[in-house]
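J.:
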Amino acid sequence: MNSSIFDAPLISGLLEGYQTYDAIAGLVTGGIVIVSINSFKTNLNFVEKKKMIAKSGIIAMTGLFIIYSGLIVIGAIYNKQFDSNISRTELLSALALKTLGDIGSTFLSVLVSLACFTTAVAIIVSIADFCKAYFNNYKNAYLVTTVGCCLVGIFVGQLDVNYIINLALPVLMFIYPICIVLILLNVIPEKWASKLVFRWVVFVAFIFSVPDFLGFVIPMENLETLKMIIPLANKNLGWVLPAILTFILVNIFESHNHQTKISPF
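Quick note: to get the working numbering, add 176 to the position in the sequence shown (first position is 1).
(1) Can you give the beta carbon distance from Ile442 to Val332, rounded, assuming they're within the 8 Å contact cut?
(2) So, do the region 382–392 and the region 421–433 have three or more beta carbon pairs nearer to each other than 8 Å?
(3) Using a Cβ-Cβ cutoff of less than 8 Å, which residues in the same chain neighbour Ile136 once the five nearest sequence positions on both sides are dropped?
(4) Apart from the five residues on each side of it in sequence, which residues of its chain come closer than 8 Å, Cβ to Cβ, to Asn362?
(5) Between Phe311 and Ala304, is the Cβ-Cβ spacing less than 8 Å?
(6) Determine the direct distance from the alpha carbon of Ser302 to that of Val288, and round the result to whole angstroms.
(7) Measuring CA to CA, which of Ile253, Leu413, Pro407 is closest to Val357?
(8) Which stretch, first to last residue, makes up the alpha helix (DSSP H) that contains Ile122?
(9) Run through DSSP, which three-state label would Asp305 get?
(10) What is the DSSP secondary structure of Ala236, reduced to helix, strand or coil?
(11) Once DSSP output is grouped into helix, strand and coil, what is the label at Phe389?
(12) Rounded to whole angstroms, what's the CA-CA distance from Gly202 to Ile235? Just pull it up for me.
(13) Less than 7 Å separating the Cβ of Leu247 from some heavy atom of the ligand GTP?
(14) Keeping to the same chain, check which residues put their C-beta closer than 8 Å to that of Leu408; ignore five residues upstream and five downstream.
(15) What do you reckon, are the CB atoms on Tyr197 and Thr275 nearer than 8 Å?
(16) Would you report the Cα separation of Glu366 and Lys217, rounded to the nearest angstrom?
(17) Cβ atoms of Phe384 and Ile359: under 8 Å apart, would you say?
(18) In terms of residue numbering, what span does the alpha helix (DSSP H) encompassing Lys411 cover?
(19) What residue does the alpha helix (DSSP H) around Glu192 start on, and which one ends it?
(20) For Pro353, which residues from the same chain have a beta carbon less than 6 Å from its beta carbon, with the 5 sequence-adjacent residues on both sides left out?
(21) Going along the chain, which residues of its own chain have a beta-carbon closer than 8 Å to the beta-carbon of Leu220, five neighbours each way excluded?
(22) If you reduce the DSSP assignment to three classes, tell me which class Phe331 lands in.
(23) From Ala184 to Glu224, what distance separates their C-alpha atoms?
(24) I'd like the span of the alpha helix (DSSP H) that includes Ser212, first residue to last.
(25) Let me make sure I understand the geometry here. Which of Ala252, Leu191, Val377 has the alpha-carbon closest to that of Leu425?
(26) Take Leu372 as the anchor and find which of Cys326, Asn427, Gly324 has the nearest alpha-carbon.
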């Protein structure tokens, strides 16, 4: 294997991963799984439902791990054979052709179609469910929202992939930190992820992701001072350390308050 051409491969890979929408799709797909279990598995208790949700998450996580691990290995093996300015779509198609031949292109087309389809279904269903609930469970609201989202998807799908990525990236830099924080807070034990912890950590991640968003909207020179003050902001990860620090401080605060309340003195 050849070494990566990136100065910070881990950070570059994380930021590139924003464009997969996997975290966002995971959140909304998780919501669909929960709703489905509550609707069709009414005989299960809370613990059994948690186990079923955990199993579905492990299956999805294992599949993604295998796919992305394979892509990392293939990228490391063939990274000297392509120009560094090659587009993402051209690179993926060329790798499929080199590793599997003509059938690789067919497999790639099917896999990309399925990946885009599942992500689109998860996002559209979640939006439609939200609109339906917002309009007092009005069924037509679900139908109109679904049709509208599908039409927008068809229109956007006609655009160039790189144009779509460049258009979506600023928004993803703003949304993804919140998604990552929400996922991590839901994974850790409840005693460390109270409502107060959720609120403050999400709020801080939201605030410190704003410079990363603005870096794609306004000239970078206008943000140089701010980027120098916030740790890791120059890597577009300025939200990480503030979110971790907030998590620790809020837990210490809650622990101190709890001990004060139970103390007899």
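Here a beta-carbon is modelled for each residue, glycine too, at the ideal position from N, C-alpha and C.
T.: Reading it off the structure:
(1) Any property of residue 442 remains undetermined from this structure, which presents the chain solely from 177 to 441.
(2) no
(3) Residue 136 falls outside the range modelled here, since the chain spans only 177 to 441, and no answer is possible.
(4) Ala369
(5) no
(6) Val288 and Ser302 have their C-alpha atoms some 21 Å from each other.
(7) Leu413
(8) Outside the shown range of the chain, which is 177 to 441, sits residue 122, and nothing can be said about it.
(9) helix
(10) helix
(11) helix
(12) 12 Å
(13) Absent from the structure shown: the ligand GTP. Ligands present: none.
(14) Gly414, Val416, Leu417
(15) no
(16) 24 Å
(17) no
(18) Neither: Lys411 is in no alpha helix (DSSP H) and is coded neither H nor E.
(19) 185–193
(20) Taking Pro353 as the centre and dropping the five residues before and after it, the same chain places the C-beta of Ala381, Ser385, Trp415 closer than 6 Å to its C-beta, in chain order.
(21) Around Leu220, the same chain offers Ile213, Met228 as residues with beta carbons nearer than 8 Å, after the five sequence neighbours per side are excluded.
(22) Helix.
(23) 42 Å
(24) 198–216
(25) Here the closest residue by C-alpha is Val377.
(26) Asn427
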